[in-house]
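Residue numbers for the sequence shown follow UniProt numbering, so the first one is 1 and each next one is one higher.
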Amino acid sequence: MEKGDSTTINITSESSKERKGKAPLLAAPVMAATTNTREDGGNKRGIAIFDFVLRLCAMVAALAAAILMGTTDQTLPFFTQFFRFQASYDDLPTFTFFVIANAITSSYLVLSIPFSIVSIVRPHAVGPRLLLIIFDTVMVALTTAAAASAAAIVYLAHKGNSSANWLAICQQYNDFCQSTSGAVVASFIAVVIFVFLVVLSALALRKS
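Structure, rendered in structure tokens:
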């Protein structure tokens, strides 16, 4: 009986030693996984905060472009009995499209702010980020089309085209040309910011 008891005690002590030896080995990967998850969440939250700031900047740029172009109107001080020389943005369909497109873009950016905030609060959520990258891509195309078409008209206003017998009008309509040029620059700034937004969303989705 004494030998059996001593044998039982030895087996128990050896098994407890084995468990004590294995416990740290099992705990290490769990701690590493937790650390990686926290770091990944911190990176995603940083991307989401930067996304939020860029959306505010893009909204200001698109809204400024729409307001600048939409308020562009100049009347020359000289006129005749039958003609009054006036230049307005709605005289050209391209500028009208420009105003509408940038107004849509700025409105979309306002609506996208809550989704950007959700991405900050829940950095691992894929749905809001996927929705944003889809609509951001659409807005890139719309804003680029509006800015590029308006830039072509502004160039003709500054330089003219002798082959088509189009005269440069910016020497007479200086204020008109300055306002339209500023609107086009603001719209292109919004385009560049949108490109960064798409890249940020892609990075956030890649790490999901």
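For glycine and all other residues, C-beta sits at the position ideal for the given N, C-alpha and C.
For residue 118, the closest of 111, 128 and 91 by C-alpha to C-alpha distance is 128.
Runs of the alpha helix (DSSP H) spanning 4 or more residues and lying entirely within the UniProt domain "Casparian strip membrane protein" (45–192) occur at 93–121 and 127–159, in chain order. As the crow flies, the alpha-carbon of residue 173 is around 28 Å from that of residue 105. Distance from the Cα of residue 102 is smallest, within the candidate group 199, 185, 206 and 175, for 185. Contact between residue 198 and residue 181 is ruled out by a C-beta separation of about 26 Å, above the 8 Å threshold. Around the beta carbon of residue 50, fewer than 16 other beta carbons sit within 10 angstroms, so the residue counts as exposed. A residue is called buried once 16 or more other Cβ atoms fall within 10 Å of its Cβ, and residue 175, having fewer, is exposed. The Cβ neighbour count for residue 147, taken over all protein chains shown within 10 Å, is at least 16; the residue is labelled buried. Here residue 123 is near residue 48, since their CB atoms are less than 7 Å apart.
Within the same chain, 133 come within 7 Å of residue 202 by CB-CB distance, once the 5 residues on both sides are set aside.
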